[in-house]
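Engineer:
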Amino acid sequence: MHGPGVRGEMSQQGTFRRIISSLNEAMLNDTHWPQASRLIDEVCGSKGNALFFGKASSNTHVEIYLTKCCYRGDSRPDQMHEYLKHYHAADEHVPRMRRLPHGKIVPIAEQFTEEERKRSRCYNEAYSRYDMQNALEVRLDEPGSAHIALGIADPVDSIGWSTSRVEMIARLLPHIRQYVRVHSALAEADALGASMMKLLDNTRAGIIQLDRRGLIVNMNDKAAESIRKNDGLSCRANSLIAVQPTDQSKLSELLARALPRYEEQARSGSMVIRQSSLLPMLALHVIPVSGQDECFRSLRIAALILLMDPMDGVSIDPNLVEELLGLSPKEARIAVMLAEGQTLRQIAVMTGRGYNTLRYQLHLIFTKLGISRQVELIQIIHALSELPTLKN
């Protein structure tokens with residue numbers, strides 16, 4: 004017979020597996036988030052949780068990409084809206100939270116000084132009503148100076164924040180982070196909540212549907228175009244293949260996790276695919292698809308691959324820059340990416356090229372255009388972006 008401790012561990016493990024499944028479903032359809040949130044509360048022993056993804060340039064200006072606020076599965080967007088509108092700018096602990104090390108779980112109360120806990124309107128008014136005075140919080144770094152912040156509301160009982168509960172929160176963090184990444188990519192592609200067939204009509208993201216064996220069932224035009232170029236990705240025997248061996252190793256690992264054998268848990272994952280020349284890396288997300296839906300079963304779809312090209316949102320045509328300014332294709336792409344707000348170091352990461360190589364190419368651009376500062380180059384590119392498309 005199993006003792007109560009063993010039964011408790013088995014119950015927690017079962018709930019953890021259900022959380023991963025709910026997060027996989029919520030990546031594709033936002034209506035599943037409250038269920039995932041309720042399970043997170045259950046396994047962590049909390050009254051609720053709040054999720055934020057965004058980028059802050061100051062205490063008063065926040066660019067918000069995603070917010071969620073639920074209490075035991077009850078969605079409370081009104082509460083998040085109230086906090087952001089009336090309390091966030093004056094919240095004394097926010098600057099300290101932004102400086103927290105990546106992944107460090109801390110009590111919110113410790114981010115306020117003793118004097119602030121006595122007089123803070125935010126702590127004594129908002130956090131009291133939100134059941135957040137004894138909450139935990141954690142910050143996760145994301146590209147482009149963005150971050151994810153997760154608040155775990157007050158504990159439901161006198162056990163408080165035991166070691167096992169804090170360890171469970173830490174264990175969930177990679178999966179919550181993955182949910183945010185995929186959710187944001189689908190939202191950017193205007194594909195949240197779309198049916199499997201409707202996804203194939205999407206023109207903003209590459210969509211590839213796989214069966215249980217990892218073989219391609221369907222793909223949309225954008226994905227087919229990426230594969231046809233044989234630059235980063237290709238197709239062999241109806242299987243998706245990464246051109247670079249190191250990328251292929253990672254892709255195989257992600258597919259094995261999303262399409263596990265036997266009764267293992269299916270898990271989502273992400274990577275970047277390197278392309279040749281100065282093309283930025285493609286973001287690739289692998290998402291398991293639940294077999295509970297009759298539509299999915301009939302279509303034999305077991306996993307979804309989402310391809311996102313960071314250059315798709317660029318409004319400045321590199322070919323136009325190349326033609327009008329007499330730059331090489333590589334130089335034109337550097338100029339456009341700088342004008343779109345990327346730094347040289349970010350471009351180096353996105354393209355897989357050396358930082359010093361990019362500095363040298365930027366110097367060549369300056370010489371060709373007779374300028375000496377990056378701001379002058381950006382002004383020139385922005386001026387070109389205002390021109391109508393040239394006709395031959």
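Taking the numbering used here as reference, the numbering of the sequence shown is continuous, increasing by one, and the terminal residue is 395.
Even for Gly, the Cβ is constructed at its ideal location relative to N, Cα and C.
None of the values given here were measured: they were computed from a predicted structure.
#1: Give the single residue among Gln114, Asp160, Gly51, Asp157 whose Cα lies nearest to the Cα of arginine 142.
#2: Enumerate, from N- to C-terminal direction, the unbroken beta strand (DSSP E) stretches of 3 or more residues contained entirely within the segment 40-83.
#3: Alpha carbon to alpha carbon, how far is glutamate 191 from histidine 288? Give it in angstroms, no decimals.
#4: Rounded C-beta distance between isoleucine 368 and leucine 380? I'm assuming under 8 Å.
#5: Ignore the nearest five residues each way along the sequence and tell me which others in alanine 149's own chain have a CB closer than 6 Å to its CB.
#6: If you run the structure through DSSP and keep just helix, strand and coil, what is serine 24?
#7: For a quick check, are the C-beta atoms of serine 49 and alanine 208 less than 7 Å apart?
#8: To the nearest angstrom, how far is it from the Cα of alanine 173 to the Cα of arginine 270?
#9: Where does valine 185 land, buried or exposed, given buried means 16+ other C-beta within 10 angstroms?
#10: Let me know if leucine 396 comes out buried or exposed under the rule of 16 or more other beta-carbons within 10 Å of its beta-carbon.
#11: Checking 7 Å against the spacing of the C-beta atoms, do aspartate 81 and leucine 195 come in under that value?
#12: Does any residue of chain C have a CB that is nearer than 7 Å to the CB of arginine 75?
#13: Name, in chain order, the residues that DSSP records as bridge partners for cysteine 238.
#14: Between arginine 41 and the rest of its own chain, which residues show a CB-CB distance below 6 Å, the 5 nearest in sequence each way excluded?
#15: Taking C-beta to C-beta, are aspartate 193 and alanine 305 nearer than 7 Å?
#16: Does the Cβ of isoleucine 210 have 16 or more other Cβ atoms within 10 Å, making it buried, or fewer, making it exposed?
#17: With a cut-off of 8 Å, do at least 3 Cβ pairs link the segment 241-248 to the segment 325-345?
#18: Note down, one range per segment and in chain order, each alpha helix (DSSP H) of at least 4 residues found wholly within the segment 164-194.
#19: Here's the rule I'm using: 16 or more other beta-carbon atoms within 10 Å means buried, otherwise exposed. How should lysine 107 be labelled?
#20: Buried or exposed: where does isoleucine 23 fall if 16 or more other Cβ atoms within 10 Å of its Cβ makes it buried?
#21: Got a sec? Which residues, its chain only, sit under 8 Å from methionine 171 by beta carbon, not counting five neighbours each side?
#22: Which runs of the alpha helix (DSSP H) spanning at least 4 residues fall entirely within the segment 353-395, listed in chain order?
#23: Taking C-alpha atoms, which residue in Ala93, Thr70, Leu254, Asp94 lies nearest to serine 84?
#24: Determine the contact status of proline 110 and leucine 139, defining contact as a CB-CB distance below 7 Å.
#25: What residue range is occupied by the uninterrupted alpha helix (DSSP H) comprising glutamate 117?
#26: Beta-carbon within less than 7 Å of glycine 357's beta-carbon, same chain only, minus the 5 sequence neighbours each way: which residues are those?
#27: Name, in chain order, the residues that DSSP records as bridge partners for leucine 218.
#28: Compute the beta-carbon to beta-carbon distance between isoleucine 276 and aspartate 250, rounded to the nearest angstrom, for a pair I have assumed lies under 8 Å.
Structural biologist: Quick look at the numbers:
#1: Stepping through the sequence shown from its first residue, residue 142 is reached at position 139. It is Gln114.
#2: 52-59, 65-74
#3: Translated into the one-based positions of the sequence shown, residue 288 becomes position 285. Translated into the one-based positions of the sequence shown, residue 191 becomes position 188. Straight-line Cα distance between these residues: approximately 13 Å.
#4: Taking the first residue of the sequence shown as 1, we reach residue 368 at position 365. Taking the first residue of the sequence shown as 1, we reach residue 380 at position 377. That pair is a contact at about 6 Å.
#5: Within the sequence shown, numbered from 1, the residue matching residue 149 stands at position 146. If we look at alanine 149 and ignore the five residues flanking it on each side, its Cβ neighbours are Lys58.
#6: Taking the sequence shown and counting its residues from 1, one reaches residue 24 at position 21. Helix, per DSSP.
#7: In the sequence shown, counting from the first residue as 1, residue 49 sits at position 46. In the sequence shown, counting from the first residue as 1, residue 208 sits at position 205. No.
#8: Against the sequence shown, residue 173 aligns to sequence position 170. Against the sequence shown, residue 270 aligns to sequence position 267. Each residue's alpha carbon lies about 17 Å from the other.
#9: For the purposes of this step, residue 185 is taken as the residue at position 182 of the sequence shown. The residue in question, valine 185, is buried, as its Cβ has 16 or more Cβ neighbours within 10 Å.
#10: A query on residue 396 cannot be resolved here, the shown segment of the chain reaching from 4 to 395 and no further.
#11: Here residue 81 corresponds to residue number 78 of the sequence shown, with the count starting at 1. Here residue 195 corresponds to residue number 192 of the sequence shown, with the count starting at 1. Cβ distance not < 7 Å, so aspartate 81 and leucine 195 don't count as in contact.
#12: Among the chains in the structure shown there is no chain C, since it carries only a single protein chain.
#13: Position 235 of the sequence shown holds residue 238. Cysteine 238 is bridged to Leu243.
#14: One-based indexing of the sequence shown puts residue 41 at position 38. Result list for arginine 41: Arg75, Gly76, in chain order.
#15: By one-based count along the sequence shown, residue 193 stands at place 190. By one-based count along the sequence shown, residue 305 stands at place 302. Their beta carbons are not under 7 Å apart, which means aspartate 193 does not touch alanine 305 by this criterion.
#16: One-based indexing of the sequence shown puts residue 210 at position 207. Counting Cβ neighbours within 10 Å, isoleucine 210 comes out buried, since at least 16 surround it.
#17: no
#18: 166-191
#19: As a working note, residue 107 is residue 104 in the sequence shown. Classification for lysine 107: exposed.
#20: Taking the sequence shown and counting its residues from 1, one reaches residue 23 at position 20. It is buried - the Cβ of isoleucine 23 has at least 16 other Cβ atoms within 10 Å.
#21: Taking the first residue of the sequence shown as 1, we reach residue 171 at position 168. Result list for methionine 171: Gln15, Phe19, Val46, Cys47, in chain order.
#22: 358-372, 377-388
#23: Here the question's residue 84 lines up with position 81 in the sequence shown. The amino acid occupying residue 84 in the given sequence is histidine; serine does not appear at that position. Selected option, being the one with the closest Cα: Thr70.
#24: As a position in the sequence shown, residue 110 is number 107, starting the count at 1. As a position in the sequence shown, residue 139 is number 136, starting the count at 1. For proline 110 and leucine 139, yes; Cβs fall inside 7 Å.
#25: Your numbering for residue 117 matches position 114 in the sequence shown. Run containing glutamate 117: 117-122, per the alpha helix (DSSP H) assignment.
#26: As a position in the sequence shown, residue 357 is number 354, starting the count at 1. Excluding positions up to five away in sequence, the list reads Ala351.
#27: As a working note, residue 218 is residue 215 in the sequence shown. Partner(s): Ser242.
#28: For the purposes of this step, residue 276 is taken as the residue at position 273 of the sequence shown. For the purposes of this step, residue 250 is taken as the residue at position 247 of the sequence shown. Rounded, the Cβ-Cβ distance is 6 Å, consistent with contact.
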